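Working notes, beginning with the structure itself.
In full-length UniProt numbering, the protein residues as written are 1 to 1271.
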């Protein structure tokens, strides 16, 4: 029974004096009504879909009688809190995801069909068993839907049912209409407003049922279209259209349905019977859409249907269920003609077109003269057509103006930049919506949204301009498009609103401003990139903004856009970057993520973007990441500082503001603002840090502990800047598209060519970080351990290795970049920089760590940068420091001594590992260091490495032959190598004559111990040279003792043994200087070359020695020949040997005054002449050779070598040839003959000139004195 007062009577909403209506009884609601539903996909919502007057409404409004309750007119809602999520925002349009969406639909795998009721902001979801209704515009995320179960569930094997919400005029009640997709059965519930009250619903809601009529075999419902107060239309898969109303003429709920018919001229007979089938069941299988528009008649609506080929059908339907077929218009030909003739469309003969969808416009777009029409156009349709083949289609919007009897084409708008396969399934057809105020059209494909202005903007080059953009939806189940609709503008708003309902995210609202004033016809590359990076990563975004835009942007435009977007992120100048608000760290993190998104978008869509652009984006991301690291360090330090202490970072910004004359606010505010806007200048923060410390030091703040605190913070800033940047580059280079680059520790190993100067290794950065490193180390050294009450010095020492690390990395990068240049100037600068760094800077940085107790860290860095020289220095220093034999370790207590011994053994193992790891190069550096420090006993005794490595090192250079001999004898036990080492030491290394003689003697002993070797003859000859030089020394040493001091020795020697040069008044000065220098070499026991020894012996005067045993007077030239023989030049350099042999004999020939002898011989007896000749140098030389030859005879006899018995020295060897005088002419008289001995060309020429002077003398002796006859 009714609980209302029976004395109250109902009043008609239009006539207060109408008769009382009988009260309706409420129906019961069972507990099964309110159960969570499930659903399935759907077509675009019916209603006036496409009509700008009542676009997309799924409501049914009729003038109904008042209900029992008091009517409350629902006013416009107040402003709600905007909790929506911006999915994309270009300035031209914005799409927001509305938060209200039931969790059961969001999370569950439920198939449902969806509808949007814009009049009341209600959304409807239908499953086979339930209906869910909720406020899609609510500000909270998970509304509880009003849910009820259908009394008679639909079969799951059938398609999902269709439905719509209904509102009544003058009532807030919401009704529900549900249509079976399989049978066309219609059910109407008058009120579901109180569905959450089971009792009330049961009492009042009894569904009214009906049917659209008999369906054909296989025929299903494909669309439910709202006709507002005129009821609904149902479109079937066969193309048939049924019209039904839900109230009778008295306003009582009742289903009245009939199929739409077209007028039929046949009224009777057999033709009339056959035609009645078509009249009652109008079939057009190629029907694509049905749209409704308001009629001029009250209570009536106009229905417009269109086929794929462009045929248009119009009906008039009324709220009473009446229908009238108005007309049929064939627009196929006029559409085909305009598509062929338009130069932008240019439809080819092998192409066809078909209508995809259409919308009814409230105002025609084509504003030119329409006087040719028989009447004003009654309908202006905007038609979406596809042009092309079955493989590919392009699209256009065509305005079709329908007159009473004529058709005209209005505007034609080509959809730019979008091509897709032709759509063949009606369920996947495109949807075309034109919301009020009618300036924008939305063409909605299953995975694509096209926004196009339809009001022409300014013409460009004779063409009318229309703004367009294409947005792709994600091709996932959750982003499947279930419904679309339009919202009416509020008040005088000029924006067009379109609603999109996706399966997993609910309703999204697209709002587009009037774009007719836009200068561009499409969204720019920059905007597309911004949408991808700022909105693409949103987790619940239904759009695939990261895909490549359909519009083909030029590569140059893309690269400029990428650089601009990257710069905007770096400087926070983009409108999409949130303000700093409370957390600078979060703002920096947002910008860092945006740059990562930018790189991903570029790599996925524009792989052809240049390498430099990709590097620039990477460097910008490094700066943001570095800035974040610096900021975090600053916040951590704030917790440690006292209330009166100012962080260095604040001091730096104050210093910069003062230098740049920037207006200063509060310190912290300025600092935060710097990180927001000036992170692009991260490379300047390190030079600023050092300059700030310098300024504070110079201004009297030389408090070492305070400065050490500031240096500690500066180190943290430097490390956070560079180390963070290098590490980020190493980890993320591939992600930023740097795919083919070889990178180590964040530094390119190659590929610098063409790159601009890298911010992490700019000259100012490199210098600043090195200066900070050195300054902090210096301060740490100045504060002794006892005075380090705060531990700052210790911390500075412990932090110094990582500062050295980033300094080396920056230097290394700059070196590689400089060397990559093509111009010689830059290359030269790079080579100088590299040499200075590797030879001076890096070793000083690494080895200097030992001064602050960080030798082990220094060894690690030396290993890392392959600085074996520094590694050797630190290793040897550490070994000696912990060596148990070190005198400094003798006074240690037992525990400390034990610790030192353990550390020493660990170091030995570590050093031994270096020998295996670095091989020959390490051994060379290690042993060379010991040799330079003259640690020979340590080198041979300690054996820090392997004996194989030591032997290889010592054998590798003749300069090490002495040590090699010792090693061969004592360690290797290899006598042949010992012999060879001694011989090499004596001939190639030794400069002391006595030492050479000793080494050769030892080599001889070794050779004898081995029973003779291939080196024995060479050793004998070298010993012969050594003995000959010793004889010369013994001869002249007695003269040197008369010298007053060392400076007068050369003069005494030349006066004694070179008087003939003095007597010639300075003739042959070059030879005189050679003789003088030679005496100095002999007296200082230096090893003489065979050439110099020959010069001394052949140029010195024959002066007898006071000690007979040491006297060589008269033997000089024979000794010179012996030197020539022992030199081995006869075998190694015959030309040089011949020149020296001739030179010896030439000097011998010219030593005597043969002209005087000839004059003296005149009148002498033969006996007297013979006695006179015996006094000549030539005779004495020949005689000495004869005597020496006899001694050879005796030696040969003793050895029983009869095959080498001789009677004289002459002609026994190439060096002992007795040459005739004429053959000695021109010996060494050309500078070319002396070039191999004297590199100074001028000196060689002067000596050759002096030798040529002897040629003139010899020639006169031959021709005038008859020397050859005397010979």
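Quick reminder that beta carbons are idealized off the backbone N, C-alpha and C, glycines included.
Just so you know, these numbers come straight off a predicted model, no measurement behind them.
Per DSSP, what kind of secondary structure is residue i in: helix, strand or coil?
i: residue 97; result: strand
i: residue 758; result: coil
i: residue 609; result: coil
i: residue 433; result: strand
i: residue 890; result: coil
i: residue 650; result: helix
i: residue 474; result: coil
i: residue 134; result: strand
i: residue 156; result: coil
i: residue 86; result: strand
i: residue 1279; result: Shown here, the chain extends from 1 to 1271; a query on residue 1279 therefore has no answer.
i: residue 345; result: coil
i: residue 1262; result: helix
i: residue 286; result: coil
i: residue 60; result: Summary for residue 60: the model assigns pLDDT 40, below 50, so the residue's position carries little reliability; its value from the coordinates is reported in the next sentence. If DSSP states are grouped into helix, strand and coil, residue 60 belongs with coil.
In this structure, what does DSSP give as the bridge partners for residue i?
i: residue 1282; result: In the structure displayed, the chain extends from 1 to 1271; residue 1282 sits before or after that span and is not available.
i: residue 394; result: 387, 419
i: residue 328; result: 313
i: residue 225; result: 233
i: residue 115; result: 124
i: residue 188; result: 177, 208
i: residue 1286; result: Given that the chain is displayed from residue 1 to residue 1271, the structure contains no residue 1286 and the question cannot be resolved.
i: residue 256; result: 245
i: residue 354; result: 386
Quick check: what's the CA-CA separation for residue i versus residue j?
i: residue 321; j: residue 212; result: 12 Å
i: residue 499; j: residue 484; result: 5 Å
i: residue 285; j: residue 299; result: 30 Å
i: residue 1258; j: residue 1184; result: 22 Å
i: residue 864; j: residue 797; result: 20 Å
i: residue 601; j: residue 539; result: 16 Å
i: residue 240; j: residue 91; result: 43 Å
i: residue 434; j: residue 180; result: 29 Å
i: residue 313; j: residue 402; result: 11 Å
i: residue 651; j: residue 635; result: 15 Å
i: residue 1152; j: residue 982; result: 43 Å
i: residue 991; j: residue 1069; result: 27 Å
i: residue 892; j: residue 801; result: 28 Å
i: residue 1214; j: residue 1131; result: 10 Å
i: residue 868; j: residue 925; result: 7 Å
i: residue 839; j: residue 807; result: 15 Å
i: residue 1141; j: residue 967; result: 41 Å
i: residue 1004; j: residue 989; result: 17 Å
i: residue 781; j: residue 844; result: 15 Å
i: residue 837; j: residue 809; result: 11 Å
Given 6 Å as the limit, tell me if residue i has its C-beta closer than that to any heavy atom belonging to the ligand NAP.
i: residue 708; result: Absence of the ligand NAP is noted for the structure shown, with no ligands found whatsoever.
- Three or more C-beta pairs closer than 8 Å, one from the segment 1160-1173 and one from the segment 1240-1247: is that the case here? no
- Query: Can you find at least 3 beta carbon pairs, one from the segment 1042-1059 and one from the segment 1153-1160, that sit closer than 8 Å?
  - Reply: no
- Query: What are the start and end residues of each continuous alpha helix (DSSP H) run of 4 or more residues lying completely inside the segment 1047-1133, in chain order?
  - Reply: 1049-1057, 1059-1063, 1069-1083, 1090-1099, 1116-1127, 1129-1132
- Would you check if there are 3 or more beta carbon pairs closer than 8 Å linking the segment 833-851 to the segment 809-816? yes
- Going along the chain, which unbroken runs of the alpha helix (DSSP H) with 4 or more residues stay wholly within the segment 815-866? 824-836, 842-847, 855-864
- Message: I want to know whether the segment 1113-1122 touches the segment 1036-1051 - three or more CB-CB distances under 8 Å.
- Response: no
- Message: Quick check on the DSSP output: what are the complete beta strand (DSSP E) runs of length 3 or more inside the segment 975-1033, in order along the chain?
- Response: none
- contact_flag[the segment 694-713, the segment 578-587] where n(CB pairs < 8 Å) is 3 or more: no
- Is it true that the segment 120-130 meets the segment 529-549, where meeting means three or more beta-carbon pairs spaced less than 8 Å apart? no
- Query: So does the segment 435-445 actually touch the segment 493-511, counting three or more Cβ pairs closer than 8 Å?
  - Reply: yes
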